[in-house]
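Going by this note's numbering, 230 is the number at position 121 of the sequence shown; the sequence numbering is gapless. A virtual CB, placed ideally from N, CA and C, is assigned to each residue, including glycine. Everything numeric in this text was worked out from a predicted model, so none of it was measured. The next block holds one structure in the form of structure tokens; read it before the comments.
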Amino acid sequence: MNSDAPEIRCEFTLVSDHHLEPDQITEMTGIAPTSVGEKGVTRRKYGRGVIDESYWKVAIQCRCHDLDKAVSELLDTVWVKREEICKVIEEFDLFVKLCCVVKMESEKVAFWLSHDTIARLAEFGADLDVDVYDWRES
Numbered sequence: 110m111n112s113d114a115p116e117i118r119c120e121f122t123l124v125s126d127h128h129l130e131p132d133q134i135t136e137m138t139g140i141a142p143t144s145v146g147e148k149g150v151t152r153r154k155y156g157r158g159v160i161d162e163s164y165w166k167v168a169i170q171c172r173c174h175d176l177d178k179a180v181s182e183l184l185d186t187v188w189v190k191r192e193e194i195c196k197v198i199e200e201f202d203l204f205v206k207l208c209c210v211v212k213m214e215s216e217k218v219a220f221w222l223s224h225d226t227i228a229r230l231a232e233f234g235a236d237l238d239v240d241v242y243d244w245r246e247s
């Protein structure tokens with residue numbers, strides 16, 4: 110792993126505007142979430158603000174120069190359980206977000222997604238959000 114490579118965090122999140130049963134989702138999918146949140150609960154990390162939507166999230170963090178590689182690594186984790194996840198999405202009326210946060214300090218990232226990655230995101234009906242923090246010297 111190149112320590113100069115940009116840091117990329119990718120999150121596959123099942124989201125609900127109402128109450129969510131994270132233990133039930135974990136049991137149905139066989140995947141342990143990285144984190145869960147309940148709508149209306151005060152955020153523990155900051156001690157202020159309220160969570161605006163319930164969620165069940167699986168996340169990875171890596172250092173690499175390729176967004177597709179990072180997203181594919183995360184999708185590989187959930188892809189083996191795609192049928193179970195799609196059933197959960199339908200049964201609980203959830204939507205899917207794939208969020209990526211890219212932090213560049215000295216080197217850049219190739220911002221591209223392969224057709225395979227796009228097809229896998231589409232199978233889940235996922236929205237894609239990419240936040241970029243570029244702290245490289247001009």
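Counting C-beta neighbours from all protein chains within 10 Å, is the total for residue i 16 or more, i.e. buried, or is it exposed?
| i | result |
| --- | --- |
| Ala235 | buried |
| Trp221 | exposed |
| Arg229 | buried |
| Val187 | buried |
| Val197 | buried |
Smallest Cα separation from residue i: which of the options?
| i | options | result |
| --- | --- | --- |
| Cys171 | Val218, Glu193, Lys148, Val205 | Val218 |
| Val167 | Lys196, Glu200, Arg153, Asp185 | Asp185 |
| Ile169 | Asp225, Ser144, Thr151, Leu203 | Ser144 |
| Phe204 | Ala141, Trp165, Gly158 | Trp165 |
| Glu182 | Asp161, Glu192, Arg153, Asp225 | Asp225 |
State the CB to CB distance for the pair residue i and residue j, rounded to an integer number of angstroms; the pair is presumed to be in contact (CB under 8 Å).
| i | j | result |
| --- | --- | --- |
| Pro131 | Lys212 | The pair is not a contact, with the Cβ atoms about 28 Å apart (cut-off 8 Å). |
| Ile194 | Thr151 | That pair is no contact at about 29 Å. |
| Glu98 | Arg191 | Nothing about residue 98 can be reported from this structure: the residues present for the chain run from 110 to 247 only. |
Might you give, ordered along the chain, the residues of its own chain that have their beta carbon closer than 8 Å to the beta carbon of residue i, omitting 5 neighbours on each side?
| i | result |
| --- | --- |
| Cys53 | Past the edges of the chain, shown from 110 to 247, lies residue 53, and the structure says nothing about it. |
Given residue i, which residues of its chain have a CB within under 7 Å of its CB, disregarding the five upstream and five downstream residues?
| i | result |
| --- | --- |
| Ser215 | Asp113, Arg245 |
| Asp161 | Lys148 |
| Pro142 | Pro131, Thr135, Trp165, Lys166, Val167 |
| Asp243 | Met213 |
Using a Cβ-Cβ cut-off of 6 Å (strictly less than) and excluding sequence neighbours within five positions of residue i, which residues of its own chain qualify?
| i | result |
| --- | --- |
| Ser163 | Ser125, Leu129, Glu147, Lys148 |
Please tell me whether, using a cut-off of 8 Å, the distance from the CB of residue i to the nearest non-hydrogen atom of the ligand GDP is below it.
| i | result |
| --- | --- |
| Gly234 | The model on display carries no ligand, and the ligand GDP is accordingly not part of it. |
Curious, which full-length alpha helix (DSSP H) runs of at least 4 residues does the region 166-212 contain?
Correct list: 176-188, 191-200.
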